[in-house]
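Working notes, beginning with the structure itself.
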Ligand code: NAD
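Residue numbers (the working numbering): 1 to 504.
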C-alpha cells in the first residue's frame, strides 16, 4: 500500500483515531501501511503506518533532542504534566475503552470499570513517586556520598496486545516521571489506543519529542528500536521468543533491558481450602479469554478434593457467557487474531492426540464462530507434555492432582516459567511454608490479580528479567550516580586554602 493510497484516520467505535506515527509532536506518515482489524467481527478498522528503520531513527532522534530539556525540567513540573495526562485519560475514558475493545476484543465493561482508570492511576502514581526520588546521602571519613537517580535518556518501550494501554503506560509513566524521553512501539494487533495517548499527552501540554509513538511490525519497527544505538533503555513486555530477540538486539550496544515475558502459573488447591473460593479463583483464569500473562492455567489439586473441586469449577464455567465483548453480560470475548486461534487450537488438538481428556470445551465455539474459543479444561496430562509446559495464551486450563506439599511444589515449579503462583489453603502456616518454596515473582494466597503499584512485579526464570513497580521502575529507568565530596576545608584543617591564606 502506498502513502497516497491509505487513510490517515480511522473512525473506530465512533472515535476518530489518527493512524500515523507521532514523532516530535507531529503526525508522520510512512510509505506503507498495515491493516488492523477487529477481533469482534473481523471487520477492517484501520490502515496503520508501517514503521521502517528510517522512521525509528527519526523517532529516536526526536526523543534525543527533547531529552536535555525534559531531564532538566523540575520534577514537580513533570509531575504536573503527568497528572494532566491522567486527567486527559479520565476525560476520554469511554473513547479509550471503546477503541481498546474494538481493537483487542477484551471486555468493554472491564476497560471502563478497571483498566482505563488504572491507566490514569499509572500516571498519577509514578508522577508522585518520582518526587521523593534521589536523595540518599551518607558519609565516608567526613566525605559526603550523594546518590542520585539521573534520567538515562531515550527509552524504547515495546508492548503486547493483551492489555495494550495498561501495559504501555506502566512503562511510559515511570520513564517520563524519571526525566526520560520515550519511543513507544505498540503491538501491530492493537495499535490504536497508543495513538489516542499521543493526542492526550499533546493536549496536556507535554513538550514535543518527549513521548513518541512509532507504529509498525515487531520485526521491523520493534527490531530497529531494540538495536538502536541512541536508545538508553529497552523495556519489553511480550513473549519469551521475542524477548530473547530483543535482549540480543539490545546487547549490540549493551543497552539495559527489562523483560516482562510469558507465564504458566500454577494454582495449588490444598485439601484444606475453601473449595468454593478455589473454584472462583480457577474460573477467573478464563478472564480475557485466558490471554493474560499471569493466568494460573495449571490447576494442581490435592487428590482427596479433586473431584469436589472439579465439579464446582465446571458448574461455574458452565455459567460463563461467551459473546460480544461490548455487551455488558458477556464474560468471555473472542481471541485477538485468527493466528492466535490457530495457535491455541493447535495446542489443544496436540494435547488430545497425546491422551489428554477435555472435561470442558476443547475447540472453537462453533455456535458463535469467529474467533470465539470454548473455555477448555484438560485432564490426564503429563507434567512434561507440551500443554503443561508451554504458554497457550487462550482459555485453556489443565488439571493435575498431587499428594502432599512436596509433590505440589515439584509440579508447580516444574516449568521454565516463574511469573506467578497462587495457593488456596485454609492453613496460614502452610501458605507461608509453600509460598516460600515456590519460584515466582508474585505469590497470591486465597486471592488472585490483587495488584499494587508499590509492589515489585516481574518474573523469575524465563518469565523475565528485572522488576517493574514502585522504586524498582526508577532503578531501571535511571542511571544511578554517586557523587563524593571532600569536607569543606576550614582554617584549622591545614588544607591548601587555609595554608595559603596563612602566608598572606
Ligand atoms: P510478542 O512477543 O509477539 O510481541 C510483543 C511486542 O514485541 C509487539 O509490539 C511486537 O510487535 C514486538 N516485536 C515482535 N518481534 C519483535 C522483534 N524482533 N524486535 C522487537 N520487537 C518485536 O507478544 P504478544 O503476542 O504481543 O503478547 C503476548 C505475550 O506477552 C505472552 O507471552 C504474554 O505472556 C506476554 N505478556 C507478558 C506480560 C508480563 O508482564 N510478564 C504481560 C502481558 C503479556
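Don't be surprised by glycine CBs; every beta carbon is placed ideally from N, CA and C.
Item                                                                                                                 : Value
Through-space distance from residue 281 to residue 300, alpha-carbon basis                                           : 13 Å
Other residues of its chain near residue 409: CB distance less than 8 Å, five sequence neighbours each side excluded : 434, 437 and 438
Distance cut-off 7 Å: residue 342 Cβ against heavy atoms of the ligand NAD                                           : no
C-alpha distance - residue 3 paired with residue 20, whole-angstrom precision                                        : Low confidence applies to residue 3: its pLDDT is 44, below 50, so where it sits in the model is not reliable, and the reading given next is rough at best. Their Cα atoms are separated by approximately 11 Å.
Range covered by the beta strand (DSSP E) that runs through residue 444                                              : 442-445
Terminal residues of the beta strand (DSSP E) in which residue 233 lies                                              : 233-237
Local conformation of residue 373 per DSSP, three classes                                                            : strand
Buried/exposed call for residue 175, threshold 16 Cβ in 10 Å                                                         : buried
Cutoff 8 Å; reference residue 7; Cβ partners in own chain excluding five residues on either side                     : 19, 46 and 47
When 145, 195, 441 and 293 are compared against residue 15, the one with the closest alpha-carbon                    : 195
Beta-carbon proximity list for residue 28, same chain, < 8 Å, skipping 5 on both sides                               : 20, 21, 22, 49, 55 and 58
Nearest candidate by alpha-carbon position, reference residue 227, set 213, 212 and 253                              : 253
Cβ contact (3+ pairs, closer than 8 Å) linking the stretch 260-273 and the stretch 289-307                           : yes
Residue 506 classed as buried or exposed, judged by whether at least 16 other C-beta atoms fall within 10 angstroms  : There is simply no residue 506 to check, as the chain begins at 1 and stops at 504 in what is shown.
Length at least 4, wholly inside the stretch 97-153: the alpha helix (DSSP H) runs in chain order                    : 116-131
Nearest-angstrom Cα separation, counted from residue 379 out to residue 72                                           : 58 Å
CB of residue 404 within 8 Å of CB of residue 344, strictly                                                          : no
Residue 501 in three-state terms, based on DSSP                                                                      : Note on residue 501: pLDDT 35, under 50, position unreliable in the model; the coordinate value appears next. Looking at residue 501 - three-state DSSP - the assignment turns out to be helix.
Residue 230 Cβ short of 7 Å to the ligand NAD heavy atom set                                                         : no
Where residue 171 sits in the DSSP three-state scheme                                                                : helix
Check: residue 51 C-beta below 7 Å from any heavy atom of the ligand NAD                                             : no
Nearest-angstrom beta carbon gap, residue 333 and residue 105 [assumed within contact, 8 Å]                          : 5 Å
Alpha carbon of residue 412 to alpha carbon of residue 237, nearest angstrom                                         : 23 Å
Proximity test, residue 444 beta-carbon vs the ligand NAD heavy atom, cut-off 7 Å                                    : no
For residue 407 and residue 307, the rounded distance between their alpha carbons                                    : 18 Å
Beta-bridge partners of residue 33, as assigned by DSSP                                                              : 49
Distance CB(residue 93)-CB(residue 112) smaller than 8 Å                                                             : yes
Residues that residue 44 bridges to, as DSSP identifies them                                                         : 37
Residue 1 in three-state terms, based on DSSP                                                                        : Bear in mind that the predicted position of residue 1 carries a pLDDT of just 44, short of 50, making it unreliable; the figure below should be weighed with that in mind. Coil at residue 1, not helix or strand.
Local conformation of residue 495 per DSSP, three classes                                                            : Low confidence applies to residue 495: its pLDDT is 46, below 50, so where it sits in the model is not reliable, and the reading given next is rough at best. Coil.
Inter-residue spacing [alpha-carbon to alpha-carbon] between residue 192 and residue 416                             : 33 Å
Where the beta strand (DSSP E) containing residue 267 begins and where it ends                                       : 266-269
Any non-hydrogen atom of the ligand NAD closer than 7 Å to residue 217 Cβ                                            : yes
Distance, residue 382 Cα to residue 132 Cα                                                                           : 50 Å
For residue 182, three-class secondary structure by DSSP                                                             : strand
Cβ pair residue 178, residue 373 closer than 8 Å                                                                     : no
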